[in-house]
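Remarks on the structure that follows.
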């Protein structure tokens, strides 16, 4: 016979409502009591059904996550990891809405009125316009941004971000200090507008270069229908320039890593012929020796998740906007100009 909530209450020596609150409203139960109740529930193999917990708490126990691009991308996957790490332990599920095209974007916001069954919305690396901001706000739940500008500028309740101005300036200064003046910057042409600071990275990098009298060349890396970068086209554009650059800065490691192999396949030594710097410090960059700018999307997501939980519980947020510092990781893919 399955264990009931009455069985747990009896063995723990508490009321049925205390058992229920231990699962659904832990803030209303002392830590000692909740620990005892959960231990007994675990021993008796009892769990409160999600539907019952949601009904009891008046919450859906679900958080909607709006993301741009493909989930398999390093940044996106890292954000999901950080969110799940915090939210799952608090009994929340994540509903991911992946927006990879203009059509998907339009459909999401058109269907928004029927998607009110979430206790909060987390917007990750997605640049929404004023009309979309108003639509999100109409849902009436907390909205937390990841890789976002200050929350007031987007109508969010709270937000976290990396200091991309600092990061891109560090990248540019590193190349300039190594003596490079023929510098190329590689960006992307993603269809859906992102706010994981693509424009901020580009603007900050070029501003730093121009202060030193350097005008970086810009190459746009195409993205195919499956979200893959067309690196061979980038190499063709590089080789079509009057002179090959002595240094290349990439918008993200997802471009820099395959570009390193493509350059060497075409007879260019990294960093002998050309220095290469990425942005993210994603998978394998340390093993391969890519100089890059480090950011930590897992930790950003953890902080955003805790913000969302506090806002759901109507707790005050002492710091509604948190900016994480960027860090230059110097490895073997950059060297002094020859």
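In full-length UniProt numbering, the protein residues as written are 1 to 338. Where a beta carbon is used, it is the ideal one built from N, C-alpha and C, also for glycine.
> Does the separation of the CB atoms of residue 324 and residue 296 fall below 8 angstroms?
Replying inline: Counting from 1 along the chain shown, the entry for residue 324 is found at position 324. Counting from 1 along the chain shown, the entry for residue 296 is found at position 296. Result yes, Cβ atoms of residue 324 and residue 296 sit closer than 8 angstroms.
>> For residue 178 and residue 336, I'd like the C-alpha separation in whole angstroms.
In response: Within the chain shown, the letter at position 178 stands for residue 178. Within the chain shown, the letter at position 336 stands for residue 336. Cα to Cα, residue 178 sits roughly 4 angstroms from residue 336.
> Which stretch, first to last residue, makes up the alpha helix (DSSP H) that contains residue 199?
Replying inline: As a first step, residue 199 must be located in the chain shown, where it is residue number 199. Annotation: the continuous alpha helix (DSSP H) that includes residue 199 extends over 198-211.
>> Could you pull the DSSP bridge partners for residue 33 from this structure?
In response: Position 33 of the chain shown holds residue 33. For residue 33, which the question treats as bridged, DSSP gives no partner whatsoever.
>> Please classify residue 92 as buried or exposed, where buried requires at least 16 neighbouring CB atoms within 10 angstroms.
In response: Working through the chain shown from its first residue, we reach residue 92 at position 92. A buried status is given to residue 92, since no fewer than 16 other beta-carbon atoms sit within 10 Å of its beta-carbon.
>> Based on DSSP bridge pairs, tell me the residues matched to residue 247.
In response: As a working note, residue 247 is residue 247 in the chain shown. Under DSSP, residue 247 takes part in a beta bridge, and its partners are 183 and 275.
>> Looking at the strands, I want to know which residues DSSP matches up with residue 328.
In response: The count along the chain shown starts at 1 and reaches residue 328 at position 328. BP columns for residue 328 point to 293.
>> Could you compute how far the alpha carbon of residue 182 sits from the alpha carbon of residue 272?
In response: Here the question's residue 182 lines up with position 182 in the chain shown. Here the question's residue 272 lines up with position 272 in the chain shown. Taking the straight line joining both Cα atoms gives about 15 angstroms.
> Under three-state DSSP, which class holds residue 134?
Replying inline: Counting from one through the chain shown, the residue named residue 134 turns up at place 134. The three-state secondary structure of residue 134, taken from DSSP, is helix.
> So does the region 216-236 actually touch the region 76-87, counting three or more Cβ pairs closer than 8 angstroms?
Replying inline: Contact check between the region 216-236 and the region 76-87: fewer than three CB pairs, one atom from each, fall below 8 angstroms, which does not count as touching.
> Going straight from the alpha carbon of residue 97 to that of residue 199, what length do you get?
Replying inline: Here the question's residue 97 lines up with position 97 in the chain shown. Here the question's residue 199 lines up with position 199 in the chain shown. Taking the Cα positions, residue 97 is about 23 angstroms away from residue 199.
> In whole angstroms, what separates the C-alpha of residue 339 from that of residue 30?
Replying inline: The requested residue 339 does not occur in the structure, where the chain is confined to residues 1 to 338.
> Taking Cβ positions, are residue 312 and residue 119 nearer each other than 8 angstroms?
Replying inline: Indexing the chain shown from 1 puts residue 312 at position 312. Indexing the chain shown from 1 puts residue 119 at position 119. Yes, the pair counts as a contact, with Cβ atoms nearer than the cut-off.
> So residue 254 is in the alpha helix (DSSP H); what residue range does that whole segment cover?
Replying inline: Residue numbering aside, residue 254 sits at position 254 when the chain shown is read from its first letter. Residue 254 -> alpha helix (DSSP H) spans 253-265.
>> Taking 8 angstroms as the limit between beta carbons, can you name the residues of its chain near residue 241, skipping five residues before and five after?
In response: Looking up residue 241 in the chain shown gives position 241. The answer, listed in chain order, is 184 and 217.
> Can you round the beta-carbon distance between residue 187 and residue 262 to whole angstroms, since I take them to be within the 8 angstroms contact cut?
Replying inline: Your numbering for residue 187 matches position 187 in the chain shown. Your numbering for residue 262 matches position 262 in the chain shown. Rounded to whole angstroms, the Cβ separation of residue 187 and residue 262 is 17 angstroms, and the two are not in contact under 8 angstroms.
>> Excluding the 5 residues flanking residue 305 on each side, which residues of the same chain have their C-beta closer than 6 angstroms to its C-beta?
In response: As a position in the chain shown, residue 305 is number 305, starting the count at 1. Correct list, in chain order: 83, 86 and 87.
> Over what stretch of residues does the alpha helix (DSSP H) that includes residue 109 continue unbroken?
Replying inline: Stepping through the chain shown from its first residue, residue 109 is reached at position 109. Unbroken alpha helix (DSSP H) run through residue 109: 102-110.
> How close, in whole Å, do the beta carbons of residue 125 and residue 164 come, if the pair is a contact with beta carbons under 8 angstroms?
Replying inline: Mapped onto the chain shown, residue 125 falls at position 125. Mapped onto the chain shown, residue 164 falls at position 164. About 12 angstroms; that fails the 8 angstroms criterion.
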